[in-house]
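S.K.: Next up is a structure, given as structure tokens.
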Amino acid sequence: MKPMKTKIKILSSMMLLIFILASGTTFSQDKKTETIKIKTSAVCDMCKDRIEQGMAFEKGVKNVVLDVKTKIVTITYVPSKTTPDDLRKAISKLGYDADNVAADKAAYSKLPACCKKDAATKK
32 MKPMKTKIKI LSSMMLLIFI LASGTTFSQD KKTETIKIKT SAVCDMCKDR
82 IEQGMAFEKG VKNVVLDVKT KIVTITYVPS KTTPDDLRKA ISKLGYDADN
132 VAADKAAYSK LPACCKKDAA TKK
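Count along the sequence shown from 1, add 31, and you get the number used in our numbering.
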């Protein structure tokens with residue numbers, strides 16, 4: 032009867048090992064991220080808040096940081112859930128240029144005066 036118990040233990044151990052390996056693979060795929068830098072038309076801290084908060088709700092976005100001085104937004108995202116083009120479009124829908132994607136006109140018109148592209152030249 033001992034050989035049967037040994038076989039069951041071995042089989043149980045193998046099943047547990049397979050489960051652990053399969054789970055680890057699934058989790059590691061979810062955590063794979065990429066980072067992109069996008070040039071925006073942001074001009075002030077209010078723009079920074081709008082972009083960072085607005086992009087935080089986009090599907091696949093893990094982290095967003097806008098450097099107002101350089102106008103570069105750095106986005107960490109999950110490539111299986113979104114694309115760089117989708118991220119640029121999302122920034123555009125917030126009212127800002129994103130690389131070669133122009134700001135959505137309706138969204139731009141709703142921005143406060145300090146967030147308009149020519150606001151920096153009026154100061």
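Positions of the beta carbon are idealized from the N, C-alpha and C atoms, including for glycine.
#1: Following the continuous alpha helix (DSSP H) through residue 108, name the residue where it begins and the one where it ends.
#2: Can residue 109 and residue 126 be called in contact, C-beta distance under 8 Å?
#3: Suppose you measure from the CA of residue 97 to the CA of residue 78; what does that come to, to the nearest Å?
#4: For residue 97, which beta-bridge partners are listed by DSSP?
#5: Please report the residue range of the alpha helix (DSSP H) in which residue 65 lies.
#6: Among the candidates 112, 137, 101, 84, whose CA atom is the shortest distance from the CA of residue 70?
#7: Just the Cα atoms here: how many angstroms apart are residue 72 and residue 129?
#8: With respect to the alpha helix (DSSP H) encompassing residue 139, which residues constitute its N-terminal and C-terminal limits?
#9: Locate the alpha helix (DSSP H) running through residue 83, then write down its first and last residues.
#10: Who are the near neighbours of residue 135 in its chain, counting only those whose CB is closer than 7 Å to its CB and skipping five residues on each side?
#11: Run through DSSP, which three-state label would residue 143 get?
#12: Here's the rule: buried if 16 or more other CB atoms are within 10 angstroms of the residue's CB, otherwise exposed. What is residue 140?
#13: Is residue 129 helix, strand or coil by DSSP?
M.R.: Walking through what the data contain:
#1: Taken as a continuous stretch (DSSP letters only), residue 108 belongs to no alpha helix (DSSP H), being part of the beta strand (DSSP E) at 103-108.
#2: no
#3: 9 Å
#4: 104
#5: First-last for residue 65: 65-70, but that is the beta strand (DSSP E), not the alpha helix (DSSP H).
#6: 101
#7: 7 Å
#8: 136-140
#9: 76-87
#10: 123, 124, 126
#11: coil
#12: exposed
#13: strand
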